[in-house]
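The working numbering applies: residue 3 is where the sequence shown begins, and numbers increase by one. Down below is the structure, laid out as structure tokens.
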Amino acid sequence: MAGEGADFLNIAIVGTGPTGLYALHDLLRFDKPLIVTLFEAGSLAGVGMPYGPESAHVTMLANIASIEIPPLQESYLDWLHRQPDAILKVYGVDRNDLHERQFLPRLLLGAWFRDSLERMVEDGRARGHQVVVREGARVTDVADAGDDFRVTFLTAAGEESLIFSHVVLATGHVWPDEPESEAGLFVSPWSGLIEAEVPAAPVGILGTSLSAVDAAMAVACQHGRFVGGEDEIRFHLAEGSDALRITLMSRQGVLPEADFWCPLPYQPLRHFTKDALAREMALGQEGLLDRLWSLFVREMTSADPGYAEATALAHLSPEGFAEAYFAPRLAVDPFDWAEANLAQVERNAEARRTVGWRYAILRMHEPMETMVPHLSETDRMRFDSLKRVFVDNYAAVPPQSIRRLIALHSAGVLKVLQLGEDYELDREGGQTRIMTEDGGQHQFDILIDARGQKALHVADLPFPTLRALLGNGDGPVPTDERFAVDGVSEGRVFLPAAPYLLHRMPFAQGITASHDMGTTVAAAILGLEEVEPA
């Protein structure tokens with residue numbers, strides 16, 4: 003292992019978002035003194051995208067509750083209780099309302115990350131570690147330097163480089179640093195949208211999931227405000243903004259559902275278990291997806307017999323189930339569905355009632371992810387249908403976000419457009435024209451692409467020497483179960499960055515995934531324990 007017998011560990015962590023912080027947290031628990039240098043390209047280390055003021059508005063809620071967030075020094079909820087009332091008020095939070103299942107502004111979560119970093123640095127130094135935080139330092143290359151690695155980076159003072167024994171490239175999601183120069187186009191919700199002045203005009207947003215919801219909030223809050231309490235929210239347009247019209251667009255035209263109540267931590271699965279998956283994998287690649295599907299059906303039937311019978315689950319294929327799963331939502335207006343779903347979620351939360359089939363899908367998505375690298379190419383293509391179900395299920399959004407979407411719709415500001423599988427998009431003169439599959443035509447002054455992170459490959463690595471070592475190809479970056487880059491100096495360069503792992507970890511996203519990746523990398527560097535394949 004990387005850390006066994008090492009007399010001196012000098013570690014670079016590139017990126018100070020959640021993955022980098024969780025790696026640092028576990029590294030600093032090591033008894034032997036370490037040198038750890040953290041590189042942050044931005045001006046504020048420890049916040050992470052999308053938890054900072056450059057990419058989030060106070061109306062944007064974290065899609066995770068305190069009970070699900072792994073602690074850093076202390077739990078998120080304990081930290082919140084320590085904050086002065088005046089600080090909480092800035093984020094619209096009342097101390098008396100704090101609880102472990104609450105969804106709070108992402109900016110507040112970013113403040114916890116930053117404070118956690120400062121405390122970890124202080125505590126680490128008190129234990130004898132040398133911890134250095136380099137803000138405004140963009141790493142531009144990683145190269146072999148004998149038995150070590152040279153990390154080159156740019157600062158306001160110019161180019162510098164340092165030598166390290168291990169390098170952790172916790173670069174997180176990757177978006178363009180600046181918006182496209184093309185007028186009326188934002189290539190992601192994180193590419194200058196928060197700081198831009200978006201006119202009160204037709205605004206099209208590609209996507210209907212969490213990123214698209216965030217984009218809609220960013221635009222709407224420039225032209226009005228939400229009023230009312232948690233149970234009843236209204237949106238008031240500002241004077242002069244009557245022309246604002248926001249359209250969320252996707253192939254299916256469905257909104258995400260509200261996050262549902264369920265027991266946490268997860269209750270064990272009955273059929274879709276680690277042992278059962280291992281047995282199916284041992285039978286070989288041929289037919290693996292169908293065997294996994296049989297386990298899925300057994301788990302769902304056990305968890306919710308009524309749902310299994312109503313959907314004729316036993317007679318469906320993975321592709322057929324995806325159609326059955328979305329069919330009820332496609333049959334009604336998306337906002338009518340949103341209102342009904344929100345009411346159901348609120349009733350269930352008050353009664354602490356679990357919807358069996360929803361909870362079963364939620365618990366199966368992580369073990370299913372471990373099987374994806376073992377599927378044949380044909381089965382991977384077939385799996386895409388079932389993948390949409392898993393993603394829709396675990397990417398449910400805070401109920402408060404659904405209330406705000408409904409408020410925007412009630413104010414005549416927001417609608418949802420179903421594009422269909424075969425739609426056309428043209429841009430000319432700063433305008434976007436979209437023709438849907440059914441022949442409808444729609445024109446927008448502003449277009450925001452909020453379809454989420456795309457998979458990245460070797461050619462996308464922003465480190466030219468490392469990229470050359472890997473052949474400058476278009477294929478995935480080869481990494482092992484510990485996220486060490488294969489074939490690079492005995493596995494001492496690590497890439498726990500979701501965009502480069504999507505080919506084998508299609509559900510890699512969020513803070514819990516960051517925790518798992520960070521702790522896995524720390525264990526690999528320190529040589530402390532075996533880890534489960536990721």
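Yeah, the Cβ is synthetic: ideal placement off N, Cα and C, and Gly gets one too.
Return the Cβ separation of S412 and Q287 in integer angstroms, given the expectation that the two are a contact with Cβ distance under 8 Å. For the purposes of this step, residue 412 is identified with residue 410 of the sequence shown, where counting begins at 1. For the purposes of this step, residue 287 is identified with residue 285 of the sequence shown, where counting begins at 1. That belief does not hold up - the Cβ atoms of S412 and Q287 are roughly 51 Å apart, past 8 Å.
How far does the alpha helix (DSSP H) with I404 in it extend, from its first residue to its last? Taking the sequence shown and counting its residues from 1, the one referred to as residue 404 is at position 402. Judged by DSSP secondary structure, I404 falls within the alpha helix (DSSP H) whose first and last residues are P401 to S412.
Less than 8 Å between the beta carbons of M519 and T21, yes or no? As a first step, residue 519 is located in the sequence shown; it is residue number 517 there, counting from the start. As a first step, residue 21 is located in the sequence shown; it is residue number 19 there, counting from the start. The answer is yes: Cβ separation under 8 Å.
Could you check if N474 is buried or exposed, using at least 16 other CB atoms within 10 Å of its CB as the buried criterion? Numbered from 1 along the sequence shown, position 472 holds the residue referred to as residue 474. Exposed, because fewer than 16 other Cβ atoms sit within 10 Å of the Cβ of N474.
When the Cα atoms are used, what is the spatial distance from G477 to H459? Within the sequence shown, residue 477 is the residue found at index 475, counting from 1. Within the sequence shown, residue 459 is the residue found at index 457, counting from 1. Their backbone Cα atoms lie some 5 Å apart in a straight line.
Which whole-angstrom value describes the C-beta separation of C203 and L246, a residue pair presumed to lie in contact below a C-beta threshold of 8 Å? Start at 1 with the first residue of the sequence shown, and residue 203 comes out as number 201. Start at 1 with the first residue of the sequence shown, and residue 246 comes out as number 244. It should be noted that the sequence gives Ala, not Cys, for residue 203. Confirmed, about 7 Å.
Measuring CB atoms only, is the stretch 193-209 touching the stretch 428-447, in the sense that at least three cross pairs come out at less than 8 Å? Verdict: yes, contact present.
Cα-Cα separation between F465 and T372, rounded to whole angstroms: Translated into the one-based positions of the sequence shown, residue 465 becomes position 463. Translated into the one-based positions of the sequence shown, residue 372 becomes position 370. F465 and T372 have their C-alpha atoms roughly 28 Å apart.
What do you reckon, are the CB atoms on L421 and F323 nearer than 8 Å? In the sequence shown, residue 421 corresponds to position 419, counting from 1. In the sequence shown, residue 323 corresponds to position 321, counting from 1. The answer is no: Cβ separation not under 8 Å.
How far does the beta strand (DSSP E) with T61 in it extend, from its first residue to its last? Residue mapping note: residue 61 aligns to position 59 of the sequence shown, counting from 1. For T61, no beta strand (DSSP E) encloses it, and the DSSP letter there is neither H nor E.
Name the one or two DSSP bridge partners that P204 has. Here residue 204 corresponds to residue number 202 of the sequence shown, with the count starting at 1. Here P204 is bridged, per DSSP, to R247.
With a CB to CB cut of under 8 Å and the five nearest residues on each side skipped, what residues in its chain are close to V229? Your numbering for residue 229 matches position 227 in the sequence shown. Result list for V229: I235, R236, F237 and H238, in chain order.
Give the C-beta separation of I37 and I15 to the nearest angstrom, bearing in mind that I take them to be a contact with Cβ-Cβ under 8 Å. Position 35 of the sequence shown, counted from the start, is the residue given in the question as residue 37. Position 13 of the sequence shown, counted from the start, is the residue given in the question as residue 15. Incorrect: roughly 11 Å between the Cβ atoms, too far for contact.
Reduced DSSP category for F262 - H, G, I as helix; E, B as strand; rest coil: Counted from its first residue, the sequence shown places residue 262 at position 260. Taken through DSSP and simplified to helix, strand or coil, F262 comes out as coil.
Could you give the DSSP three-state label for F166: helix, strand or coil? On the sequence shown, residue 166 is found 164 positions in, with the first residue counted as 1. It is a strand residue.
Per DSSP, which residues does S252 bridge with? Please list them. Locating residue 252 in the sequence shown gives position 250, where the first residue counts as 1. Beta-bridge pairing links S252 to Q420.
For E197, does the three-state DSSP call read helix, strand or coil? Mapped onto the sequence shown, residue 197 falls at position 195. DSSP places E197 in coil when its eight states are reduced to three.
Between V170 and P375, is the Cβ-Cβ spacing less than 8 Å? For the purposes of this step, residue 170 is identified with residue 168 of the sequence shown, where counting begins at 1. For the purposes of this step, residue 375 is identified with residue 373 of the sequence shown, where counting begins at 1. For V170 and P375, no; Cβs fall outside 8 Å.
Please classify I89 as buried or exposed, where buried requires at least 16 other C-beta atoms within 10 Å of its C-beta. Counted from its first residue, the sequence shown places residue 89 at position 87. By the neighbour-count criterion, in which 16 or more other beta carbons inside 10 Å mark a residue as buried, I89 falls on the exposed side.
Contacts around P52, its chain only, beta-carbon distance under 7 Å, and the 5 residues preceding and following it disregarded: The sequence position of residue 52 within the sequence shown is 50, counting from 1. Excluding the 5 residues flanking it on each side, P52 has same chain C-beta neighbours closer than 7 Å at A58, R108 and W192, in chain order.
E368, enclosing alpha helix (DSSP H) - first and last residue: Taking the sequence shown and counting its residues from 1, one reaches residue 368 at position 366. That run of the alpha helix (DSSP H) goes G358 to M373.
Have a look at V92 and E102 and give me their C-alpha separation to the nearest angstrom. Numbered from its first residue, the sequence shown carries residue 92 at position 90. Numbered from its first residue, the sequence shown carries residue 102 at position 100. Distance between the alpha carbons of V92 and E102: 20 Å.
Under the three-state DSSP convention, the category T522 falls into: Locating residue 522 in the sequence shown gives position 520, where the first residue counts as 1. T522: helix per DSSP, three-state reduction.
Less than 8 Å between the CB atoms is what I'm expecting for V523 and Y502, so what's the real figure, rounded? Looking up residue 523 in the sequence shown gives position 521. Looking up residue 502 in the sequence shown gives position 500. The beta-carbon distance between V523 and Y502, rounded to whole angstroms, is 13 Å. This is too long to meet the 8 Å contact definition.
Using DSSP with H/G/I as helix, E/B as strand and the rest coil, what is D451? Position 449 of the sequence shown holds residue 451. Of the three classes helix, strand and coil, the one that applies to D451 here is strand, per DSSP.
Under three-state DSSP, which class holds A145? Along the sequence shown, read from residue 1 onward, the residue named residue 145 stands at position 143. In the structure shown, the three-state DSSP call for A145 is strand.
Bounding residues of the alpha helix (DSSP H) (the contiguous stretch that carries Q346): Here residue 346 is taken as the residue at index 344 of the sequence shown, counted from 1. Counting along the chain, the alpha helix (DSSP H) containing Q346 begins and ends at P336 to A353.
Which listed residue (T514, A525, I527 and A526) has its alpha carbon closest to that of L74: For the purposes of this step, residue 74 is identified with residue 72 of the sequence shown, where counting begins at 1. Among T514, A525, I527 and A526, the Cα nearest to that of L74 is on T514.
Own chain, CB closer than 6 Å to H517, minus 5 neighbours either side, in chain order: Your numbering for residue 517 matches position 515 in the sequence shown. If we look at H517 and ignore the five residues flanking it on each side, its Cβ neighbours are Y24 and P72.
Which runs of the alpha helix (DSSP H) spanning at least 4 residues fall entirely within the stretch 422-485, listed in chain order? With a minimum length of 4 residues, the continuous alpha helix (DSSP H) runs that stay inside the stretch 422-485 are 466-471.
Measure the beta-carbon distance from S163 to D150 and round it to whole angstroms, keeping in mind my assumption that it falls under 8 Å. One-based indexing of the sequence shown puts residue 163 at position 161. One-based indexing of the sequence shown puts residue 150 at position 148. About 12 Å separates the two Cβ atoms, so there is no contact after all.
Boundaries (first-last residue) of the beta strand (DSSP E) holding G226: Indexing the sequence shown from 1 puts residue 226 at position 224. Annotation: the continuous beta strand (DSSP E) that includes G226 extends over G226 to V229.
Through-space distance from I363 to M302, alpha-carbon basis: Here residue 302 is taken as the residue at index 300 of the sequence shown, counted from 1. Here residue 363 is taken as the residue at index 361 of the sequence shown, counted from 1. Pairing M302 with I363, the inter-Cα distance amounts to about 8 Å.
Backbone CA spacing between R382 and R354 [nearest angstrom]: Residue mapping note: residue 382 aligns to position 380 of the sequence shown, counting from 1. Residue mapping note: residue 354 aligns to position 352 of the sequence shown, counting from 1. Going from the Cα of R382 to the Cα of R354 covers about 36 Å.
Taking the alpha-carbon positions, what's the Q132 to R140 distance? Within the sequence shown, residue 132 is the residue found at index 130, counting from 1. Within the sequence shown, residue 140 is the residue found at index 138, counting from 1. Rounded to the nearest whole angstrom, the CA to CA distance from Q132 to R140 is 21 Å.
Whose CA, out of G431, L110, F509 and A145, lies closest to the CA of L187? Position 185 of the sequence shown holds residue 187. G431 is the residue among G431, L110, F509 and A145 whose C-alpha sits nearest the C-alpha of L187.
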